[in-house]
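First the structure, in the form of structure tokens, and then the observations on it.
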Amino acid sequence: MSTIMFDSSFTQFKLEYPEKKLAIGACKSSEDISAGGHLWRIDCYPRGEINELNGEYVSVFLKLLSNSKNVKVIFEAFVIDRDGRPSLSCKEVFKALPTR
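Following my numbering, the numbering of the sequence shown begins with 587 at its first residue and continues without gaps.
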């Protein structure tokens, strides 16, 4: 028998400008987030995770902190500019990574 749990959560993760001082691959992390009976954290790389993209892109990951297996999640991230407007240059690329 399997258990199905549905839950939703909203959190705001704010980066202060100028983040250009951070190195490519440097991570800013959120506080732990509780949703769906699991603990999560947002890991954000303001200048990207890898050098090949020259720091031109933001990388955002949702990390499962709970020791759980076979967890499914829908994760949406929105980028807002300094004036509170949604960024028009966002491109969504999602990869589903297996849990531990």
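Idealized CB from N, CA, C, for every residue including glycine.
Own chain partners of residue i with C-beta closer than 7 Å, once the 5 adjacent residues on each side are dropped
i: S595; result: I619, A621
i: F599; result: S616, I628, C630
i: A663; result: V646
Nonlocal neighbours in the same chain, by C-beta distance under 8 Å from residue i, ignoring five residues either side
i: D593; result: A621, G622, G623
i: N637; result: I610, G611
i: L651; result: D618, H624, L625, W626, R627
i: V665; result: V644, P672, S673, C676
Start and end residues, beta strand (DSSP E) containing residue i
i: C630; result: 624-631
i: A621; result: 619-621
Under 9 Å between C-beta atoms of residue i and residue j
i: V646; j: D629; result: yes
i: R633; j: I660; result: no
Coil, strand or helix - residue i by DSSP
i: K655; result: coil
i: K607; result: helix
i: L650; result: strand
Heavy atom of the ligand ZN within 8 Å of residue i beta-carbon
i: L648; result: Of ligands this structure carries none, so the ligand ZN is not represented either.
Interface flag, residue i vs chain B, CB-CB below 9 Å
i: Y631; result: Of the protein chains in this structure there is only one, and it is not chain B.
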